[in-house]
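Enquirer: Here it is, the structure in full.
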Amino acid sequence: MFYLVSVIHMLLAKRFDPTRKYSMSPQMQRGVRRFKDKMREGEICLDVPAAFDCASLVTNATSRHVAGFLRERNLSLTCHVVNGFGDFTSDSSTGLRELIRYCRTERNGCTSLPQQDGHTTDFHPFQTFTYALMGGIRPEQLLSDGETTLTDLAMASRKIHIDRIGYQDLGHFMFAVAYLQLDPDLTFMVNEHKLTVKQLIELGLIAHSDASEEPSVCSAFHLTEGLCAAAAKIPAMTHLLDEAQELLDRQLALLQFIGAMIHDSNENRCPNIEMAIELGLINPAKLIFLAGHLLELAAFAELLGYQLTLEQRNTIRYVANELNRDFADVLRYMYTSDFSFVCHFRRAITLLAEIELAKQEGRDLDTVDLSSYRADFDIAHSDYGFRTSMVGEVVFFGIENLALIGSLLRSLRYR
């Protein structure tokens with residue numbers, strides 16, 4: 190794995206051709222076939238201790254930087270900390286306390302969280318609510334003001350500005366309204382128009398299907414998460430279950446490419462450079478970016494009751510095991526500007542570990558505690574952390590502008 194991350198770090202990008210879906214060179218085809226055959230041989234077990242060890246490694250490394258992250262006064266960054274570390278504690282503060290700083294009091298006295306109206310507001314509609322819910326913060330849980338619940342905050346935050354890529358950007362919104370169990374007929378004020386939850390979900394899917402531009406991570410991975418949640422948890426949306434399963438399967442196919450590359454590297458003791466280039470994984474940060482989002486998607490899909498084949502389950506566990514065991518090597522090449530990628534990865538591996546433990550103990554998956562992975566940065570310590578650079582700080586949290594990721598995701602356009 191060390192050889193893999195060393196060479197990937199130096200690779201130049203090769204953009205995907207948007208006219209070809211999953212078109213691969215003969216070498217890559219052979220590598221994927223070998224990997225898929227291996228994934229059908231028998232059940233692979235998730236290495237739970239390795240997952241928790243990796244999560245601790247990430248916590249310790251982050252402890253050197255978290256105070257600076259929170260001082261950025263960037264809600265998108267702060268809610269990613271909550272996504273990766275739950276209702277964390279740091280310097281006598283908590284995740285919830287940090288989030289409430291971005292709220293404001295409306296004329297009617299309600300506390301709201303402004304949507305898409307500057308860097309101190311939600312960058313994507315309801316992104317903060319989704320990451321809080323993923324982090325184990327319950328809908329009925331009181332925020333630090335002692336009066337407002339997460340649901341109250343959502344109900345008071347129903348004025349949304351959609352002015353970037355239109356309705357494609359609603360994956361977080363779908364996930365949040367599903368887990369908050371908001372009425373599908375509840376209305377939102379969207380660019381001065383009244384739209385219901387149900388209408389917004391439908392508009393999000395239509396906009397994604399008709400998009401002519403390169404899809405972003407939100408209109409692919411997060412859209413899938415949102416659709417899976419909405420179809421499974423909102424009775425009025427159950428007619429979308431088959432579409433959600435189909436889109437989930439298409440996203441998880443990407444994980445097979447990543448697994449095949451890692452497997453080929455391990456088998457040959459050197460990286461398969463062509464496979465790495467065709468995937469667009471030019472450095473470890475992009476590897477963690479893709480794997481983290483896909484593993485997170487897979488974990489929540491399993492919690493929501495979606496069916497995963499043996500091949501998919503084994504691929505998820507194989508990729509997670511390999512990255513967990515070698516994350517110390519990966520971390521050597523990551524910068525503070527890559528931090529948000531690691532948040533999704535830590536949420537994913539801890540949730541996969543909790544799911545595995547529930548299965549081993551014969552418990553239903555609805556007993557899985559989403560908050561069990563919360564971090565205490567006050568007791569965490571590490572002699573090393575992420576690399577820092579002036580360029581990294583300038584482009585801090587620039588994941589929406591990664592052209593390589595957009596190129597890769599064009600092959601996953603929702604049809």
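Numbering (the working numbering) for the sequence shown: 190 to 604.
We put the beta carbon where it would ideally sit given N, CA and C, even for glycine.
Note that this is a predicted model, so its numbers are computed, not measured.
Starting from Thr376, follow the beta strand (DSSP E) in both directions and report where the run begins and ends.
Expert: Here residue 376 is taken as the residue at index 187 of the sequence shown, counted from 1. From DSSP, the beta strand (DSSP E) with Thr376 extends over 376 to 379.
Enquirer: Determine the direct distance from the alpha carbon of Ala365 to that of Tyr507, and round the result to whole angstroms.
Expert: Numbered from 1 along the sequence shown, position 318 holds the residue referred to as residue 507. Numbered from 1 along the sequence shown, position 176 holds the residue referred to as residue 365. Taking the straight line from one Cα to the other gives about 29 angstroms.
Enquirer: Check whether the Cβ atoms of Leu288 and Thr317 lie closer than 8 angstroms to each other.
Expert: Locating residue 288 in the sequence shown gives position 99, where the first residue counts as 1. Locating residue 317 in the sequence shown gives position 128, where the first residue counts as 1. Going by C-beta atoms, Leu288 is nearer than 8 angstroms to Thr317.
Enquirer: Have a look at Asp515 and Asn263 and give me their C-alpha separation to the nearest angstrom.
Expert: Within the sequence shown, residue 515 is the residue found at index 326, counting from 1. Within the sequence shown, residue 263 is the residue found at index 74, counting from 1. The straight-line gap from Cα to Cα measures roughly 31 angstroms.
Enquirer: Just the C-alpha distance for Gln305 and His350, rounded to the nearest angstrom, thanks.
Expert: Here residue 305 refers to the residue found at position 116 of the sequence shown. Here residue 350 refers to the residue found at position 161 of the sequence shown. Between Gln305 and His350, the C-alpha separation is close to 6 angstroms.
Enquirer: In this structure, how does DSSP classify Tyr562 when only helix, strand and coil are distinguished?
Expert: Here residue 562 corresponds to residue number 373 of the sequence shown, with the count starting at 1. Tyr562: coil per DSSP, three-state reduction.
Enquirer: Buried or exposed for Lys383, please, with buried defined as at least 16 other CB atoms from any protein chain shown within 10 angstroms of its CB.
Expert: Looking up residue 383 in the sequence shown gives position 194. With fewer than 16 other Cβ atoms within 10 Å, it is exposed.
Enquirer: Report back the beta-carbon spacing between His452 and Phe224 to the nearest angstrom; my notes put them in contact at under 8 angstroms.
Expert: Along the sequence shown, read from residue 1 onward, the residue named residue 452 stands at position 263. Along the sequence shown, read from residue 1 onward, the residue named residue 224 stands at position 35. That pair is a contact at about 5 angstroms.
Enquirer: Taking Cβ positions, are Leu369 and Gly393 nearer each other than 8 angstroms?
Expert: Start at 1 with the first residue of the sequence shown, and residue 369 comes out as number 180. Start at 1 with the first residue of the sequence shown, and residue 393 comes out as number 204. Cβ atoms of Leu369 and Gly393: not closer than 8 angstroms.
Enquirer: Measure how close the beta-carbons of Thr283 and Cys292 come, nearest whole angstrom, since I'm counting them as under 8 angstroms.
Expert: By one-based count along the sequence shown, residue 283 stands at place 94. By one-based count along the sequence shown, residue 292 stands at place 103. Incorrect: roughly 15 angstroms between the Cβ atoms, too far for contact.
Enquirer: Closest to Glu491 by CA distance: which of Asp518, Thr525, Leu541 is it?
Expert: The count along the sequence shown starts at 1 and reaches residue 491 at position 302. Checked all of Asp518, Thr525, Leu541; the closest Cα to Glu491 is Leu541.
Enquirer: Taking the alpha carbon of Leu497 as the reference point, which residue from Ala433, Phe528, Arg552 has its own alpha carbon closest?
Expert: Start at 1 with the first residue of the sequence shown, and residue 497 comes out as number 308. Here the closest residue by C-alpha is Ala433.
Enquirer: Hey, could you find the ends of the alpha helix (DSSP H) Thr319 is sitting in?
Expert: Position 130 of the sequence shown, counted from the start, is the residue given in the question as residue 319. Segment 316 to 323, the alpha helix (DSSP H) holding Thr319.
Enquirer: Inspect the beta-carbon positions of Leu371 and Thr385 and report whether they are closer than 8 angstroms.
Expert: Translated into the one-based positions of the sequence shown, residue 371 becomes position 182. Translated into the one-based positions of the sequence shown, residue 385 becomes position 196. No, the Cβ-Cβ distance between Leu371 and Thr385 is not below 8 angstroms.
Enquirer: Roughly how many angstroms separate the alpha carbons of Glu261 and Val255, rounded to a whole number?
Expert: Within the sequence shown, numbered from 1, the residue matching residue 261 stands at position 72. Within the sequence shown, numbered from 1, the residue matching residue 255 stands at position 66. One C-alpha to the other measures close to 10 angstroms.
Enquirer: Taking Met228 as the reference, which of Glu545, Ala442, Asp242 has the closest Cα?
Expert: Along the sequence shown, read from residue 1 onward, the residue named residue 228 stands at position 39. Of Glu545, Ala442, Asp242, the residue nearest in Cα terms is Ala442.
Enquirer: Leaving out five residues before and five after Glu232 in sequence, what residues of the same chain have Cβ atoms less than 8 angstroms from its Cβ?
Expert: For the purposes of this step, residue 232 is taken as residue 43 along the sequence shown, with counting starting at 1. Excluding positions up to five away in sequence, the list reads Leu499, Arg502, Asn503.
Enquirer: Straight-line CA distance for Met378 to Arg347?
Expert: Along the sequence shown, read from residue 1 onward, the residue named residue 378 stands at position 189. Along the sequence shown, read from residue 1 onward, the residue named residue 347 stands at position 158. Approximately 6 angstroms, taken between the alpha carbons.
Enquirer: If we count the other Cβ atoms within 10 Å of its Cβ and call it buried at 16 or more, is Ser529 buried or exposed?
Expert: Indexing the sequence shown from 1 puts residue 529 at position 340. It counts as buried.
Enquirer: Considering only their Cβ atoms, is the gap separating Glu485 from Arg563 smaller than 8 angstroms?
Expert: For the purposes of this step, residue 563 is taken as residue 374 along the sequence shown, with counting starting at 1. For the purposes of this step, residue 485 is taken as residue 296 along the sequence shown, with counting starting at 1. Not a contact, by the Cβ cut-off of 8 angstroms.
Enquirer: I need the straight-line Cα distance from Gln218 to Leu437, nearest angstrom please.
Expert: Position 29 of the sequence shown, counted from the start, is the residue given in the question as residue 218. Position 248 of the sequence shown, counted from the start, is the residue given in the question as residue 437. Spanning the two alpha carbons is a distance of roughly 22 angstroms.
Enquirer: Give me the Cα-Cα distance between Glu329 and Ala239, rounded to the nearest whole angstrom.
Expert: Numbered from its first residue, the sequence shown carries residue 329 at position 140. Numbered from its first residue, the sequence shown carries residue 239 at position 50. Those two C-alpha atoms are separated by around 33 angstroms.
Enquirer: In whole angstroms, what separates the C-alpha of Cys532 from that of Asp567?
Expert: Start at 1 with the first residue of the sequence shown, and residue 532 comes out as number 343. Start at 1 with the first residue of the sequence shown, and residue 567 comes out as number 378. Whole-angstrom Cα-Cα distance: 18 angstroms.
Enquirer: Using C-beta distances below 6 angstroms, list every residue in its chain close to Met426, excluding the 5 sequence neighbours before and after it, in chain order.
Expert: Your numbering for residue 426 matches position 237 in the sequence shown. Result list for Met426: Ala419, Ala420, in chain order.
Enquirer: Locate the alpha helix (DSSP H) running through His482, then write down its first and last residues.
Expert: For the purposes of this step, residue 482 is taken as residue 293 along the sequence shown, with counting starting at 1. His482 -> alpha helix (DSSP H) spans 473 to 492.
Enquirer: Spatial neighbours of His570 within its chain, please: CB distance less than 8 angstroms, with the 5 preceding and 5 following residues excluded, ordered by chain position.
Expert: The residue given as residue 570 occupies position 381 in the sequence shown. Once the five neighbours on either side are set aside, the close Cβ partners of His570 are Asn249, Ser252.
Enquirer: Which first and last residues belong to the beta strand (DSSP E) in which Thr385 is found?
Expert: In the sequence shown, residue 385 corresponds to position 196, counting from 1. Start and end: 382 to 385.
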